[in-house]
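Heads up, the thing below is written out as structure tokens.
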Amino acid sequence: MLWSLQSRENIFQRALYGSAFLVVAILILFFLTLLFKSFSAVWSNGWGFFTGVVWDPLAGVYGAFPLLLGTLLTSALSLLLSLPFALSIALFLGEFFRKGLFSAALRSSIELLAGIPSVVYGFWALFILVPLIRRLEILLGVVPLGVGVLAAVLVLAIMIIPYAAALSAEVIKLVPQDIREAAYSLGATRYEVIRRVIMPYARSGFFAGILLALGRALGETMAVTMVIGNATKMPSSLFDTGNTMASLIANELAEATDPLYVASLTQVGLLLFGVSALISLAGKYIVRKYSVEI
Amino acid sequence: MAILSIQNLCVSFQENMAVKNVSMDITEKKVTAIMGPSGCGKTTVLRSINRLHELSAHARVAGRVILRGEDLYALDAMLVRRRIGMVFQRPNPFPTMSIYDNVAAGYLLNGLRLDRRELDALVESSLRAAALWDEVKDSLRKRGTFLSGGQQQRLCIARALALRPEIMLLDEPTSALDPKAAASIEELIVRLKDSVTILLVTHNIAQASRVSDFTAFMYLGELVEFGLSAKMFTAPGDKRTEEYLTGKFG
Amino acid sequence: MRGAVYSRQIMDKIFFSLVCFFSCLSVLPLILILGYLLVKGLSALNWRFFVRLPQPLGEAGGGIANALGGSLLLLGTAFALAVPLGLLVGIYLSENRKSRLAGYARLSVEILQGIPSIVIGMVIYSWLVLPLKSFSALAGGAALGLMMLPVIVRAAEETLKLIPSALKEASLALGVPYYRTILRVITPAGLSGIVTGILLALARVAGETAPLLFTAFGNPFWSFHLGRPVESLPHLIFYYATSPYEEWHRLAWGASFVLVAGVLFLNVSAKLLTRRWRVQF
Numbered sequence: 001m002l003w004s005l006q007s008r009e010n011i012f013q014r015a016l017y018g019s020a021f022l023v024v025a026i027l028i029l030f031f032l033t034l035l036f037k038s039f040s041a042v043w044s045n046g047w048g049f050f051t052g053v054v055w056d057p058l059a060g061v062y063g064a065f066p067l068l069l070g071t072l073l074t075s076a077l078s079l080l081l082s083l084p085f086a087l088s089i090a091l092f093l094g095e096f097f098r099k100g101l102f103s104a105a106l107r108s109s110i111e112l113l114a115g116i117p118s119v120v121y122g123f124w125a126l127f128i129l130v131p132l133i134r135r136l137e138i139l140l141g142v143v144p145l146g147v148g149v150l151a152a153v154l155v156l157a158i159m160i161i162p163y164a165a166a167l168s169a170e171v172i173k174l175v176p177q178d179i180r181e182a183a184y185s186l187g188a189t190r191y192e193v194i195r196r197v198i199m200p201y202a203r204s205g206f207f208a209g210i211l212l213a214l215g216r217a218l219g220e221t222m223a224v225t226m227v228i229g230n231a232t233k234m235p236s237s238l239f240d241t242g243n244t245m246a247s248l249i250a251n252e253l254a255e256a257t258d259p260l261y262v263a264s265l266t267q268v269g270l271l272l273f274g275v276s277a278l279i280s281l282a283g284k285y286i287v288r289k290y291s292v293e294i
Numbered sequence: 001m002a003i004l005s006i007q008n009l010c011v012s013f014q015e016n017m018a019v020k021n022v023s024m025d026i027t028e029k030k031v032t033a034i035m036g037p038s039g040c041g042k043t044t045v046l047r048s049i050n051r052l053h054e055l056s057a058h059a060r061v062a063g064r065v066i067l068r069g070e071d072l073y074a075l076d077a078m079l080v081r082r083r084i085g086m087v088f089q090r091p092n093p094f095p096t097m098s099i100y101d102n103v104a105a106g107y108l109l110n111g112l113r114l115d116r117r118e119l120d121a122l123v124e125s126s127l128r129a130a131a132l133w134d135e136v137k138d139s140l141r142k143r144g145t146f147l148s149g150g151q152q153q154r155l156c157i158a159r160a161l162a163l164r165p166e167i168m169l170l171d172e173p174t175s176a177l178d179p180k181a182a183a184s185i186e187e188l189i190v191r192l193k194d195s196v197t198i199l200l201v202t203h204n205i206a207q208a209s210r211v212s213d214f215t216a217f218m219y220l221g222e223l224v225e226f227g228l229s230a231k232m233f234t235a236p237g238d239k240r241t242e243e244y245l246t247g248k249f250g
Numbered sequence: 001m002r003g004a005v006y007s008r009q010i011m012d013k014i015f016f017s018l019v020c021f022f023s024c025l026s027v028l029p030l031i032l033i034l035g036y037l038l039v040k041g042l043s044a045l046n047w048r049f050f051v052r053l054p055q056p057l058g059e060a061g062g063g064i065a066n067a068l069g070g071s072l073l074l075l076g077t078a079f080a081l082a083v084p085l086g087l088l089v090g091i092y093l094s095e096n097r098k099s100r101l102a103g104y105a106r107l108s109v110e111i112l113q114g115i116p117s118i119v120i121g122m123v124i125y126s127w128l129v130l131p132l133k134s135f136s137a138l139a140g141g142a143a144l145g146l147m148m149l150p151v152i153v154r155a156a157e158e159t160l161k162l163i164p165s166a167l168k169e170a171s172l173a174l175g176v177p178y179y180r181t182i183l184r185v186i187t188p189a190g191l192s193g194i195v196t197g198i199l200l201a202l203a204r205v206a207g208e209t210a211p212l213l214f215t216a217f218g219n220p221f222w223s224f225h226l227g228r229p230v231e232s233l234p235h236l237i238f239y240y241a242t243s244p245y246e247e248w249h250r251l252a253w254g255a256s257f258v259l260v261a262g263v264l265f266l267n268v269s270a271k272l273l274t275r276r277w278r279v280q281f
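Chains as they are written, first to last, in our numbering: chain H, 1 to 294; chain D, 1 to 250; chain G, 1 to 281.
Set out below in structure tokens:
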């Protein structure tokens, strides 16, 4: 009886310890898998992977610069576009209307937006947004593709608004009430309080939020792949087709047979992994460094 | 007759010596109070008896604690704790359990099987012993956390009594309660000593004098004085005890 | 002086209007999306839609039964893989807050959470699809499980951390072994938070397509075999949406409606759960 109690206790402790260890091991293994599977590509593509503008699996040339550019372009533009909306929502929920019917309605719709699966966004964009853009393109006299960088930017922006807004609203709520009141008591208007007191106070939190939203945009796959046109070349304008790293993997991995092709795709995955890991770490660092000390 | 004997007990947390060479014999079916200012080590003494100090990773213990001739540190901690009941500063009934299950928790959680009738009788007698039966007998299936603070504390006493402990450790059991609830717990303590040995930690001098048969005074980790309460509160033997009793420090 | 005050107030008004304008405008996409889902999705729904398999092109009356079943199978597999592990890790983290392993595990969870879903699909592909030489429900479930894991771990850790240590001491003082204390006292006290976390995790992965592309793949037939490819709702939507056929688009709208309703249901139940089922200490 005593012995079995002791051994059960040990088994439990070991299971706890082992599971924590397993999580670390999974991550390390994850990284090593990407590294090993892409090793031959890293070797053979060299720096050309980052600088080359031609991605041609048939010729065995793997230059990922158009992908990097496409990813960065769509993410940065969509982030920029979503920023005023996200900040407004954050101020609306965190400062102007903390309670009440209005904020409850807005909060629920934002949560609803956040819950819609990315494939549904893509589907909707493909059938509603793309025809609209096509009409715009005809109006402007460019080739009316409809799909392309612009469509991807728009749908991405819609997708990250709830994410960035939720994070920013949290940050604004963390600003202590007495600082606000001190500023109001000096006769500042709401706008001045927001600009001179809340924004500086919450800056690092916002930055972390933006960073995490960027990470989200970088890795977003389905919605982008459905509307960007999937042409691995340098996009000549916003209306042109392009490709992103995540979208390229989604499109090509299943069909890739040549070992170097698969390895090059894995290298793209490795890059995505590295960037997202860096962003997670940086976000964590910022949050810990600036918000805990306050 | 001594049921529990603490011999040269020293407890340290990292560099900090919390209890220094404390020895005392606890008499059976009496109330023994340990009093002293906060931080004097009285709670640590109590927690090293049922080995709860082992929860903090840095605690080191030297010395011996003997319960009915058995060295507690040589036994399994779980079996030691089943023989010793403990009641804490703040009432801590299990929030997910009913009043009934709370009293029976020592059996349910330990997987000790009793048949229904035995368990019913045990719950009733424990609740009666804790002077709670009349107040809760119609709501045994309700959550324990809906009771008042004083009732919750009596529920915790019933929970400890249900395991039929050889000794009960009470760690400032009234400090989180209002005066009326505290008075009812004190009454209960006096009634309980007919059936069980009680070791009570308190920083309330008046409480110690009201309920205890023996009193120990601890200061800065040392046992300053230990003896019959009647004597300690009328003619303290140590100058520090006298100063504490007259409110000069603490 | 008065002029200055006046202009400051104007500025304040303009700013407030801007905030309201942008906030309201951001609800527009939601209305558009939900509107289309309602109009196009609802009209595609009927009982055959839920119980029949997809029909060959040109034949009317196809359904999405295989995708519904497949999604359930995938979520069940993900649940079975992620919940026990996530719970154990969460318990470990809340019990050993400062150990070195806890630091590394916390960091790993953080990084795992940020990994793009397509990369998770890619790695599971080389872990489970290549060695077994087949796309499979198991691989799909593993990919989704890996995405659920961080959410569950964090929910468990955050919830268990808040449980007063007095509860643990009360149990240990009764001579209850540590493992029983954790499993029967601490975990039940935090159950509502943990279950909420699990529901949110399920909601998060129920709509994921990217990690399924090279793991569960897709399957136009019924399959409940862990070692075979299965269809799933999000994958079916993707497949049908990008096809050129009107009839398939109709099915995709219906499936989108069902998927969004399901995800919404999970989110709402998670929310109600936290509000209703609160353990009082």
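C-beta: ideal position from N, C-alpha, C; glycine also. None of the values given here were measured: they were computed from a predicted structure.
Item	Value
Could you tell me whether the Cβ of Gly215 of chain H comes closer than 8 Å to any Cβ of chain G?	yes
At what residue ranges does the segment 143 to 189 of chain D contain a whole run of the beta strand (DSSP E), taking only runs of 3 or more?	167 to 171
Would you report the Cα separation of Ile89 of chain H and Leu45 of chain G, rounded to the nearest angstrom?	35 Å
Taking the continuous beta strand (DSSP E) assigned at Lys284 of chain H, which residues delimit it?	Lys284 of chain H -> not in any beta strand (DSSP E); alpha helix (DSSP H) instead, spanning Pro259 to Ile286.
Return helix, strand or coil for Lys30 of chain D, following the three-state DSSP convention.	coil
For the candidate residues G:Val39, G:Ser17 and G:Asn66, whose alpha-carbon lies nearest to that of Ser223 of chain G?	G:Asn66
Just to confirm before moving on: does the CB-CB distance between Gly36 of chain D and Met168 of chain D stay below 8 Å?	no
Measuring alpha carbon to alpha carbon, tell me which residue in H:Ala166, H:Val155 and H:Tyr201 is nearest Gln177 of chain H.	H:Tyr201
Might you give, ordered along the chain, the residues of its own chain that have their beta carbon closer than 7 Å to the beta carbon of Asn251 of chain H, omitting 5 neighbours on each side?	Thr225 and Asn230
Is it buried or exposed, Met234 of chain H, if we count other Cβ atoms within 10 angstroms and call 16 or more buried?	exposed
Could you name the residues of chain H that Val89 of chain G contacts, counting a contact when the two beta carbons are closer than 9 Å?	Leu16, Ser19, Ala20, Leu22 and Val23
For Tyr261 of chain H and chain G, any beta-carbon pair shorter than 8 Å?	no
Would you kindly work out how many angstroms separate the C-alpha atoms of Arg154 of chain D and Ser4 of chain H, rounded to a whole number?	34 Å
Would you verify that the beta carbon of Glu169 of chain G is, or is not, closer than 8 Å to some beta carbon of chain D?	yes
Throw me the rounded Cβ distance for the Thr322 of chain G and Ala155 of chain G pair, which I believe falls under 8 Å.	Lying before the first or after the last residue shown, residue 322 of chain G is absent from chain G, which here runs from 1 to 281.
From the beta carbon of Gln280 of chain G, is the nearest beta carbon of chain D less than 8 Å away?	yes
I'd like to know whether the C-beta of Leu4 of chain D is nearer than 8 Å to at least one C-beta of chain G.	no
Measure from the C-beta of Pro95 of chain D to each C-beta in chain G and report whether the shortest distance is under 8 Å.	yes
Go through its chain and collect everything with a Cβ distance to Glu166 of chain D's Cβ below 6 Å, but skip five positions before and after it.	Arg83
Out of H:Val171, H:Gly274 and H:Ser108, point me to the one whose CA is closest to Glu95 of chain H's CA.	H:Val171
Report the start-end ranges of each alpha helix (DSSP H) in the segment 66 to 151 of chain H that is 4 residues or longer and not cut off at the edges.	101 to 115, 118 to 124 and 130 to 140
How about Phe50 of chain G: is its C-beta nearer than 8 Å to some C-beta of chain H?	no
Tell me which residue opens and which closes the beta strand (DSSP E) that Val7 of chain D is part of.	The sequence as given places Gln at residue 7 of chain D; Val does not occur at that position. Here the beta strand (DSSP E) through Gln7 of chain D covers Ala2 to Phe13.
Please confirm whether Thr244 of chain H and Thr74 of chain H have their CB atoms less than 8 Å apart.	yes
Is the distance from the Cβ of Asp213 of chain D to the Cβ of Val31 of chain D below 8 Å?	yes
Please determine, among G:Gly58, G:Val230 and G:Val176, the residue with the shortest C-alpha to C-alpha distance to Arg81 of chain D.	G:Val176
Among the residues of its own chain, which have a CB less than 6 Å from the CB of Ile118 of chain G, if the five just before and after it don't count?	Ala210
Counting beta carbon pairs with one atom in the segment 28 to 44 of chain H and one in the segment 94 to 108 of chain D, are three or more of them shorter than 8 Å?	no
Identify the continuous alpha helix (DSSP H) that holds Thr215 of chain D and give its terminal residues.	Taken as a continuous stretch (DSSP letters only), Thr215 of chain D belongs to no alpha helix (DSSP H), being part of the beta strand (DSSP E) at Phe214 to Tyr219.
Mind pulling the alpha helix (DSSP H) runs of 4 or more residues that sit fully within the segment 1 to 31 of chain H?	none
Report yes or no: do three or more beta-carbon pairs, one from the segment 102 to 122 of chain G and one from the segment 143 to 152 of chain G, lie closer than 8 Å?	yes
Examine the Cβ distances between the segment 36 to 55 of chain D and the segment 13 to 24 of chain D and report whether three or more of them are shorter than 8 Å.	yes
Since Thr242 of chain G meets chain H, which of its residues come closer than 7 Å, beta carbon to beta carbon?	Met226
Judging by CA-CA distance, which residue of D:Asn110, D:Gly111, D:Val103 and D:Lys239 is the nearest neighbour of Ala121 of chain D?	D:Val103
Could you tell me whether the segment 130 to 149 of chain H touches the segment 8 to 21 of chain G, using the rule of 3 or more Cβ pairs below 8 Å?	no
How many angstroms separate the CA atom of Ile6 of chain D from the CA atom of Leu220 of chain D?	18 Å
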